[in-house]
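Notes for the one structure printed next.
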Amino acid sequence: MNLIQKIKVFLLRIRYRFQDLGILDSGEFSNPVVEKIWKRTIRTLKIYTVICILLLFLILQMKNILQQHLWQETNPYYYLLHFLDQWRYRIPAFLYAIGCMAIIFRAFRQSVHYLDYALSAAQKIADEQQELIILPSDFKEIETQFNNVKLEVRNNTRAAKEAEQRKNDLVVYLAHDLKTPLTSIIGYLSLLAEEKEISPELQQKYLGIALSKAERLEDLINEFFEITRFNLTQIVLEYSTINLTRLLQQLLHEFSPMLAEKNLTCKLETEKDIYICCDGDKMQRVFDNLLRNAVNYSYPETEIVIQVELEDEKVHLQFMNHGNTIPEEKLNRLFEQFFRLDSSRGSGSGGAGLGLAIAKEIVEQHGGSIHASSINQKIIFDVELPQTSE
Numbered sequence: 262m263n264l265i266q267k268i269k270v271f272l273l274r275i276r277y278r279f280q281d282l283g284i285l286d287s288g289e290f291s292n293p294v295v296e297k298i299w300k301r302t303i304r305t306l307k308i309y310t311v312i313c314i315l316l317l318f319l320i321l322q323m324k325n326i327l328q329q330h331l332w333q334e335t336n337p338y339y340y341l342l343h344f345l346d347q348w349r350y351r352i353p354a355f356l357y358a359i360g361c362m363a364i365i366f367r368a369f370r371q372s373v374h375y376l377d378y379a380l381s382a383a384q385k386i387a388d389e390q391q392e393l394i395i396l397p398s399d400f401k402e403i404e405t406q407f408n409n410v411k412l413e414v415r416n417n418t419r420a421a422k423e424a425e426q427r428k429n430d431l432v433v434y435l436a437h438d439l440k441t442p443l444t445s446i447i448g449y450l451s452l453l454a455e456e457k458e459i460s461p462e463l464q465q466k467y468l469g470i471a472l473s474k475a476e477r478l479e480d481l482i483n484e485f486f487e488i489t490r491f492n493l494t495q496i497v498l499e500y501s502t503i504n505l506t507r508l509l510q511q512l513l514h515e516f517s518p519m520l521a522e523k524n525l526t527c528k529l530e531t532e533k534d535i536y537i538c539c540d541g542d543k544m545q546r547v548f549d550n551l552l553r554n555a556v557n558y559s560y561p562e563t564e565i566v567i568q569v570e571l572e573d574e575k576v577h578l579q580f581m582n583h584g585n586t587i588p589e590e591k592l593n594r595l596f597e598q599f600f601r602l603d604s605s606r607g608s609g610s611g612g613a614g615l616g617l618a619i620a621k622e623i624v625e626q627h628g629g630s631i632h633a634s635s636i637n638q639k640i641i642f643d644v645e646l647p648q649t650s651e
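So for the sequence shown, the working numbering puts the first residue at 262; every next one is plus one.
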């Protein structure tokens, strides 16, 4: 077996040893960085092997050339040639072994450095600082993935903090709002109990105010239950085929008192009968929230328009009312949990900020979409739903 064959056998033994250790898997790697390190190491070993073989060949050739002229004990180069003659195979083999160990050590050291880079980058993912992760050129793909994860974690953390802050603010505001009508109810009922000679007209007035405050108190308590249901339960759909036109007509009839309070009119533009496969109760809740929102934020003595169209097995609904134009920065947050367009907590129409968020979730679970737009003192909500369930 010549030297080249011995070197090939040596390299094969190293490769098989790596396979036994689980470092290699039939020459394939799941990570491109590890594969790049291995290929670079193998390429360096091959180049170094060729250099060592050339060195051996050069030593043999020099010995043969110089032996013809200087192979004499009196010559000062005799001992050098004699040394090269005795160690002509051992010197390249020794240099080859030292070089291979140096190359493998360098690859191992590089792998450790890369592992250190990866661990440091993983620790920076949860860091709230704005700096992005920077890795060596071999890690560009992983660097991009780490930075995407970091940005996603940072955005999710910010969104969670904002949602938690809005929820905490909501609880504080609702607690204050609970106290206000309760104080009024106790005050007017105390007047009725203490004053025995109050006129019937004044009694009716006080009772009417107390009843109104009690209804407001009931609404606020329902909002607390709404928050609990929204956060602790998932919406489960029960599909059935319903007459969408009849559902909207019934909804308008139920909203007649609310519309009359602000001298509003509501026009329904739809075909005679449109049928849709959906969860009727959940979908009624969506339309109830949208119409209630339109009533609360409409100018008095204006018209609310509900348009329904059927096209390509999809139902398009539009709720349009006249009111203050919603700024773009608020328009994008209308469907967030606990977001209220009206920042005034004293408003009797102010809710928990869950109606539109729940409507969006119900529509999306039906495979539809919902979005809002506002321009020229008009507020428009567009809903698209599949006519049949998938």
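Virtual Cβ for every residue (Gly too), placed ideally from N, Cα, C.
- A straight line joining the alpha-carbon of residue 510 with that of residue 579 spans about 15 Å.
- Counting only residues of its own chain and dropping the five nearest sequence neighbours on each side, residue 549 has a CB closer than 7 Å to the CB of 512.
- For the 7 Å CB-CB criterion, residue 587 and residue 635 form a contact.
- Assignment of beta-bridge partners to residue 516 by DSSP yields no partner.
- Leaving aside the five residues that flank residue 477 on each side, the residues in its chain whose CB is nearer than 6 Å to its CB run, in chain order, 442.
- Per the C-alpha coordinates, the member of 436, 618, 622, 520 positioned closest to residue 558 is 520.
- Between residue 535 and residue 498 the beta-carbon gap is near 19 Å, outside 8 Å, which marks them as no contact.
- Sorting 645, 581, 446 by C-alpha distance to the C-alpha of residue 637 places 581 at the top.
- The segment 588-596 makes no contact with the segment 559-573: fewer than 3 CB pairs, one atom from each, lie closer than 8 Å.
- As summarised for the segment 497-554, the continuous beta strand (DSSP E) elements at least 3 residues long and confined to that stretch are 501-504, 526-530, 536-539, given in chain order.
- For residue 631, the enclosing beta strand (DSSP E) begins and ends at 630-636.
- For residue 411, the closest alpha carbon among the candidates 426, 395, 422 is that of 395.
- Beyond the five residues adjoining it in sequence on each side, residue 445 comes within less than 6 Å, by CB distance, of 474 in the same chain, given in chain order.
- In its chain, beyond the 5 residues on either side, 620, 623, 624 have a beta carbon closer than 7 Å to the beta carbon of residue 547.
- For the pair residue 543 and residue 645, the CB atoms are not nearer than the 7 Å cut-off.
- Closest in C-alpha terms to residue 362, from the list 485, 310, 406, 407, comes 310.
- Across the set 553, 566, 551, 540, the C-alpha of 566 shows the shortest separation from the C-alpha of residue 527.
- Within 10 angstroms of the beta-carbon of residue 524 lie fewer than 16 other beta-carbons, which makes it exposed.
- Residue nearest to residue 415 within the set 393, 402, 426 is 393 (criterion: CA-CA distance).
- Its chain contains 500, 502, 649, 650 as the residues whose beta carbon lies nearer than 6 Å to that of residue 538, once the 5 sequence neighbours on both sides are disregarded; these appear in chain order.
- In the three-state reduction of the DSSP assignment, residue 409 falls in the helix class, which pools H, G and I.
- If the five residues before and after residue 561 are omitted, its C-beta is found closer than 6 Å to the C-beta atoms of 523, 524, all from its own chain and listed in chain order.
- Across the set 352, 420, 300, the C-alpha of 352 shows the shortest separation from the C-alpha of residue 317.
- Per the coordinates, the alpha-carbon of residue 448 lies some 41 Å from the alpha-carbon of residue 421.
- Shown here, residue 568 sits in a strand according to DSSP, grouped into three states.
- According to the DSSP assignment, residue 589 belongs to the alpha helix (DSSP H) that extends over 589-592.
- The Cβ atoms of residue 364 and residue 305 sit closer than 7 Å to each other.
- Look at residue 582 here: in three-state DSSP terms it is strand.
- Nearest in C-alpha terms to residue 467, of all of 479, 452, 458, is 452.
- Here residue 643 is not near residue 627, since their CB atoms are 7 Å or more apart.
- Within the same chain, Cβ atoms closer than 7 Å to the Cβ of residue 584 are found at 558, 559, 560, 638, 640, the five residues on either side in sequence being excluded.
- Counting along the chain, residue 646 sits inside no alpha helix (DSSP H); it lies in the beta strand (DSSP E) bounded by residues 639-647.
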